[in-house]
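Every letter in the sequence shown is one number past the one before it in numbering that gives the first Met the number 0, and letter 20, counting from 1, is 19.
Even glycine gets a Cβ: it sits at the ideal position worked out from N, Cα and C.
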Amino acid sequence: MKFFYRVVGAKGELAETSREFDGVQAAKAEARHALTETAAGGLPETPVHMLSVELFDENRLPITELRLILEEISKE
């Protein structure tokens with residue numbers, strides 16, 4: 000099956016890609032891996048404060064979204 004990914008990076012930039020997998024669980028595992036790789040490239044910056052990977056099926060219907068949110072809490 001073909002799955003599509005939309006990645007929102009550290010500066011809010013968008014990237015889209017597609018890959019073939021045997022099923023949804025394998026596609027979700029790859030989405031988690033993609034989020035990890037995106038975070039390794041740099042943490043989110045203002046104004047976005049988050050990284051995300053959206054997973055869509057072959058008809059581009061949404062399946063899930065994974066987010067990493069950076070929250071800074073001032074202690075002053």
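- By the CB criterion at 8 Å, residue 38 and residue 54 fall outside the cutoff.
- Comparing alpha-carbon positions, the option among 9, 46 and 18 lying closest to residue 35 turns out to be 9.
- Annotated three-state conformation of residue 23 is helix, per DSSP.
- Taking a 10 Å sphere around the C-beta of residue 30, we find 16 or more other C-beta atoms and assign the residue as buried.
- With a minimum length of 3 residues, the unbroken runs of beta strand (DSSP E) contained wholly in the region 36-64 fall at 49-55.
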